[in-house]
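*Asks:* My structure is below; once you've seen it, I'll send some questions.
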Amino acid sequence: MRTVLLTTSILALTAAVGGTAFAQEAAPVAAPTVADDIVVTGSRGQTRTVTTSPTPIDVISGEQIAQMGGSMQLRDVLTQLVPSFQSQQVGSSSWNSVSRPAGLRGLSGVHVLVLVNGKRRHNSALIDLNSGSTSPGSNPVDLDQIPTSAIARIEVLRDGAAAQYGSDAIAGVINIILKNSAEGGSASVEAGQRYKDSVNGSDGETFSAQISKGFKLGENGSMVLSAEGKHQQQTVRNSDSTAKIYPSVNGADDPREATANKRLYQGGLPQLKSVALAQNSQIDAGDLTFYSNATFNYREAKVGQAGRTPRTTSDIAAIYPDGFTPYYTMKETDWQATAGMKGQAQGWDLDLSTSYGRDYVRSGAENTLNASLGTASPTKFDTFSSAFDQWTTNFDATQGFEVFGGRHLQVSFGAEMRYESYVTKSLDAAAYANGGYVFPAGSGTGLVGQPGAIGAQGATVVTPEDEANAKRMSGAGYIDLALDVTDRLLVTGAGRFETYDDSSGSVWSGKVSALWKATDWLNFRGAFSNGFRAPSLSQQAYAQTATQVSLVNGSYQLIESKILQTGSGIAQALGGQELKPEKSRNYSFGVTLNPLAGFTLTVDAYQINIDNRITLTGLLSSAGVRQILVNNGFSGDQYVRFFANAIDTRTRGIDAVAAYGFSAGDIGRFRATAAFNYNKTKITHIAENPAELANLNLTLFDRQTQGYFTVFTPRDKLILGLEWSNGPVSLRAKETRYGSWKLLANQAANDQSYGAKWITDLEAGLQATDTLKISVGAYNLFNTYPTKNSVISTIGSSPYGSNSPFGAYGGYYYARLGLDF
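Residue numbers for the sequence shown follow my numbering, beginning at -10 and rising by one.
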């Protein structure tokens, strides 16, 4: 079946190039082709299409989002449809299992600016601390907070756009356009689950429901209200722990060892409950148009961690005689509201808006304990809260002029003011308290005289000393020009000045781009720009203590890790310095083709250089580090890390996207697509090792951490799709090939290699009535898993590569009912 899907997709695209009889007799297809999609991102004032834009843009329709949004989070929908966008399915990484890392063109989410109806979206209070993150400590926008039922389409600008839209747009811009129709509506319900696993059985059961409805506001206004809810059970893929569960009895194994549960590890995809709401409205009042939009999301999540056994100082046998598995818990409230007005004055189109967004998260742990409190320890904690606030006000103006004997010049300018705040607060003191418990004689644990482990197990803890309270203001002004030099040559230019009132300072950004229409169906385009990303407030201020799974000395182990504020005494004693902004240079060149009706092809090559990239150091541990920790009141058992401007990188790649829609008469209508991305990142410079670390025989940025940037994600991704419909019946098939990737260790002998894999998705639909559609399908139809790890997991974690681009949880099947009204 996989061969049939591949062959059919390739033949359909080949038919386009060859101009088959089907193509010559093509009737209009149901959905517009890529060439017909009008885009607003990256171009002010004048309308452009995907093939006439001077920079590459992908358009994801609301129909595509609705088809996939019930089973998938929005970032996964983009992964499935945009070749250079990639999200990671993290397992057992606390909140990174919920708000998962994602990025564009090999960079992280913090290098992508997210807009909603063209206005900046606020960032998350959850920061990216996933092992392998290319921008750890940052807090990118959480795309999944926006209900998919509210989305009309998404435009993805795959090019640097800092001069046009501001800091963070180094890799590109994602502009989410909300529905605005005054009539009609849609609703759907969907249920699905993971394929049965030989050990864990069926899991990952998911139920979702969504609805969206448009209404009239007066004679010339509209409002669209949208809502959706989701309930998802956890998905676990684990293995047998190689460690003993119970302490020895008189030098022999405890009799219970023979029947002990060796699968205490419960890491994987989270148990999740969420509800999301959205509104988008506008109303004309004379010469002015008033508009507003708002989103609200509440979600709760629970993620299993590694098990603790009664033979370690992490457990109190009187509370958990057979050990326990702690769970990270999260309660999150997210909202944003935007209001503005548009009008004209002296020929200028004017737009004034303001937007406030907030994300608040309360983190905790349950089914756990703080062993240093002994038998008095609670088994549930609220460990800390985090909040990110953002208030943005924009003024934009644009007007077209006739210059140079009838040439069109579009002039746009504007200003932005933005306030940001990031705050963390320590909560339950029992989560970090040292109760001084020492295992007594007669406890039967073999730990007599040893102190109980300090802190809530399986939890991320923020102590009062770790609390963050960071705020800043920024201001910016820009000018954006687009000139039709001739009927076939478009040249654009933009300049922006941006200033921050903290150590990030001020910067000028610029961009030039051009489109040359060589023929009516062949265009060439190119762009050059520089960009700027200020250190996030979280990278400047966040600190924590946590237990985590890490590859240490050739095996996956549970360690205690501490992230230090860069300005703290410990970090400075290890060579930490004040963070500087990241600065980028983007180059791109591409070609677009539209040689026959219904067929488009775009190919774009790019290079992105980033200097002073901010990342976490490697895990630092030595006798010298231990002494520094002890001198500052810690036990000294922690591995420590801090943020640093550690490296310069160069990312080179190519994107190719093709689509062909045609009719085959009585056979039905077809739409074939192909998309390819190749992406390679090279570290061009590593910051000099601080003398403080060199004196301790340590390295700021070790081999394992370097590998996260260069080989930890596939360099290539190929997507082949084919859609067919005939009357009430439709079929949608997709093949995605993810290239190979590696996990480097500090010793080359412990490196992990993961092979390339093909993933098949298939959906069949039946239009039962004019308004009701029934669909059934499967993602990862053939239940493909990544390559297994070759290193030992002493804790029984997943046997598969945790950073797999398509997940390590096998196939998922579902059924959906859709209703239009």
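A virtual CB, placed ideally from N, CA and C, is assigned to each residue, including glycine.
Fully enclosed by the stretch 148 to 231, which alpha helix (DSSP H) runs are 4 residues long or longer?
*Replies:* Listed in chain order, the complete alpha helix (DSSP H) runs (minimum 4 residues) inside the stretch 148 to 231 are 151 to 154.
*Asks:* Where do the ends of the alpha helix (DSSP H) carrying Asp65 lie?
*Replies:* It spans 63 to 70 - the alpha helix (DSSP H) in which Asp65 sits, taken as one unbroken run.
*Asks:* Name the one or two DSSP bridge partners that Gly59 has.
*Replies:* Partner(s): none; Gly59 has no beta bridge.
*Asks:* Does the beta-carbon of Glu14 have 16 or more other beta-carbons within 10 angstroms, so that it is buried, or is it exposed?
*Replies:* Caution applies to Glu14, whose pLDDT of 34 falls short of 50 and renders its modelled position unreliable; the model cannot decide the point.
*Asks:* Rounded to the nearest angstrom, what separates Gln62 and Leu689 at their Cα positions?
*Replies:* The alpha-carbon atoms of Gln62 and Leu689 are separated by roughly 36 Å.
*Asks:* Would you kindly report the start and end of the unbroken alpha helix (DSSP H) that includes Ala249?
*Replies:* Careful: Ala249 lies outside any alpha helix (DSSP H) and carries neither H nor E.
*Asks:* Sorted by chain position, which residues of the same chain lie with C-beta nearer than 7 Å to Thr699's C-beta, five sequence neighbours on each side aside?
*Replies:* Excluding sequence neighbours, Thr699 sits near Thr670, Lys671, Ile672.
*Asks:* When burial is assigned at 16 or more other CB atoms within 10 Å of the CB, is Asn792 buried or exposed?
*Replies:* With 16 or more Cβ atoms within 10 Å of its Cβ, Asn792 is classed as buried.
*Asks:* Please confirm whether Phe665 and Asp705 have their CB atoms less than 9 Å apart.
*Replies:* Their beta carbons are under 9 Å apart, which means Phe665 touches Asp705 by this criterion.
*Asks:* Give the straight-line distance between the Cα atoms of Pro794 and Leu751, rounded to the nearest whole angstrom.
*Replies:* About 19 Å.
*Asks:* Pull up the distance between the alpha-carbon of Thr40 and that of Ala160, whole angstroms please.
*Replies:* The alpha-carbon atoms of Thr40 and Ala160 are separated by roughly 20 Å.
*Asks:* Under a three-way DSSP split, which group does Tyr798 fall into?
*Replies:* Tyr798: coil per DSSP, three-state reduction.
*Asks:* Straight-line CA distance for Tyr774 to Ser60?
*Replies:* Near 19 Å, if we compare the C-alpha coordinates of Ser60 and Tyr774.
*Asks:* Compute the Euclidean distance between the alpha carbons of Gln333 and Gln399, then round it to the nearest angstrom.
*Replies:* So the two alpha carbons sit approximately 15 Å from each other.
*Asks:* Three or more C-beta pairs closer than 8 Å, one from the stretch 508 to 519 and one from the stretch 162 to 179: is that the case here?
*Replies:* Output reads no: the stretch 162 to 179 does not touch the stretch 508 to 519.
*Asks:* Is it true that the stretch 123 to 132 meets the stretch 92 to 105, where meeting means three or more beta-carbon pairs spaced less than 8 Å apart?
*Replies:* Yes, the stretch 123 to 132 is in contact with the stretch 92 to 105.
*Asks:* Using the C-alpha atoms, what's the distance from Tyr154 back to Met462?
*Replies:* For Met462 and Tyr154, the distance between alpha carbons rounds to 17 Å.
*Asks:* Return yes when the Cβ of Ser113 is within less than 9 Å of the Cβ of Pro90, no when it is not.
*Replies:* Taking 9 Å as the Cβ cut-off, Pro90 and Ser113 do not qualify as a contacting pair.
*Asks:* In the DSSP assignment, find the beta strand (DSSP E) that holds Gly515 and state where it starts and stops.
*Replies:* Start and end: 511 to 522.
*Asks:* I need the DSSP call for Gln277, collapsed to helix, strand or coil.
*Replies:* Checking the displayed sequence, the identity of residue 277 turns out to be Leu instead of Gln. Correct three-state label for Leu277: strand.
*Asks:* Indicate whether the contact test is met: 3 or more Cβ pairs, each with one atom in the stretch 251 to 263 and one in the stretch 210 to 220, closer than 8 Å.
*Replies:* Flag = yes, the stretch 251 to 263 and the stretch 210 to 220 touch.
*Asks:* Could you check the C-alpha separation between Ile675 and Arg658 for me, to the nearest Å?
*Replies:* One C-alpha to the other measures close to 54 Å.
*Asks:* Could you pull the start and end residues of the beta strand (DSSP E) that Glu681 belongs to?
*Replies:* Run containing Glu681: none in the beta strand (DSSP E); it sits in the alpha helix (DSSP H), 680 to 683.
*Asks:* Which residue's Cα is closest to the Cα of Ser375: Leu416, Lys551, Val71, Thr382?
*Replies:* Selected option, being the one with the closest Cα: Leu416.
*Asks:* Let's test the definition: count the other Cβ atoms within 10 Å of the Cβ of Ser237 and tell me whether it reaches 16, buried, or not, exposed.
*Replies:* Classification of Ser237: exposed, given that the 10 Å Cβ count is below 16.
*Asks:* What is the DSSP secondary structure of His674, counted as helix, strand or coil?
*Replies:* In the structure shown, His674 sits in a strand (DSSP, three-state: E or B).
*Asks:* Just mark Glu391 as buried or exposed, buried being the case when its beta carbon has 16 or more other beta carbons within 10 Å.
*Replies:* Burial call: exposed.
*Asks:* Among the residues of its own chain, which have a CB less than 7 Å from the CB of Asn356, if the five just before and after it don't count?
*Replies:* Within the same chain, Asn356 has close Cβ partners Phe313, Thr314, Pro315, Tyr316, Thr368.
*Asks:* Note down the Cα distance separating Gly388 from Ser401, rounded to an integer number of angstroms.
*Replies:* One point to set straight first is that residue 388 is Gln, not Gly, in the sequence displayed. Cα-Cα distance, rounded: 7 Å.
*Asks:* Take Ala420 and list the residues in its own chain whose beta-carbon comes closer than 7 Å to its own, dropping the five residues that flank it on each side.
*Replies:* So the list reads Asn359, Phe370, Thr372, Gly444, Ala445, Ala448, Val450, once near-sequence residues are dropped.
*Asks:* Could you name the residues that DSSP lists as bridge partners for Phe428?
*Replies:* Note: Phe428 sits in no beta bridge, so no partner.
*Asks:* Evaluate Thr284 with the Cβ neighbour count: other Cβ atoms within 10 Å of its Cβ, from every protein chain shown; 16 or more gives buried, anything less gives exposed.
*Replies:* Buried, because 16 or more other Cβ atoms sit within 10 Å of the Cβ of Thr284.
*Asks:* Take Gly799 and list the residues in its own chain whose beta-carbon comes closer than 7 Å to its own, dropping the five residues that flank it on each side.
*Replies:* The residues are Arg183, Tyr184, Asp186, Asn769, Asn772, Tyr774.
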